[in-house]
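Note that the numbering used here has the sequence shown beginning at 107, numbered continuously upward. Structure record follows, encoded as structure tokens.
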Amino acid sequence: MLLWIGLMSTAFGVSVLSALIPLISVELFVIALMLRAPDTAWWQLAAVVAAGQVVGKLLYYYAGRGSLPLPKVFRRTEDTPSRWSLRLARFREACRGRPVWTAGVLLSSSFVSLPPFAAVSVIAGVAGIPLRTFVLTGLAGRFGRFALVAVVPGIAGAWWF
107 MLLWIGLMST AFGVSVLSAL IPLISVELFV IALMLRAPDT AWWQLAAVVA AGQVVGKLLY
167 YYAGRGSLPL PKVFRRTEDT PSRWSLRLAR FREACRGRPV WTAGVLLSSS FVSLPPFAAV
227 SVIAGVAGIP LRTFVLTGLA GRFGRFALVA VVPGIAGAWW F
């Protein structure tokens, strides 16, 4: 039991870090963990890693929303509306007007990472996509992604050996 708690806690921590620092590959971690401890339940590992990834991406989401203070370099200083602010307003309205399309883009990004989920997390915050939509689609897509990654070592091992 303690081993399971340790593995899942480590998986959660690595997944949060990999969500914040793109150089860390949580996919390689999941594969290595499944090869080292093949009796680990793939669905539990996928759920823990998906939760950690979404928790990490929430920081990007809130930064895009403007809820987290950003360094001066990233903040606008002028108060007059620019071309970009007008385009952003149109983009927000397009996302509000097409919630199914918006959820589909979030889901595909969280599963396939095309477009990159880190960028989509910021854009979701900027566009004012509801937190519930972001979290639910992110969890669903990330769970699917990491379930597939966790199952592949066992399938490959059974097929080759």
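From the three backbone atoms N, C-alpha and C, an ideal C-beta is built for every residue, glycine too. It should be emphasised that the depicted structure is a prediction, and the values quoted were computed from it without experimental measurement.
Item: Exposed unless 16 or more other CB atoms sit within 10 angstroms - verdict on Arg-238; Value: exposed
Item: Sequence-distant residues of the same chain with beta carbon closer than 6 Å to Leu-245, five excluded per side; Value: Ala-156, Val-160
Item: Under the three-state DSSP convention, the category Ala-230 falls into; Value: helix
Item: Sub-8 Å separation of Trp-148 and Ala-256 beta-carbons; Value: yes
Item: 4-residue-minimum alpha helix (DSSP H) runs that sit fully inside the segment 131 to 206, ordered along the chain; Value: 132 to 142, 148 to 171, 189 to 203
Item: Residues near Gly-162 by beta carbon distance below 6 Å, same chain, minus five either side; Value: Val-122, Ala-125, Leu-126
Item: Helix, strand or coil at Met-107 according to DSSP, with G and I counted as helix; Value: coil
Item: Any 3 or more C-beta pairs closer than 8 Å across the segment 130 to 143 and the segment 218 to 235; Value: no
Item: Rounded straight-line distance, which links the Cα of Arg-189 to that of Pro-259; Value: 49 Å
Item: Spatially closest choice to Leu-151 from Gly-250, Leu-174, Arg-204, by CA coordinates; Value: Gly-250
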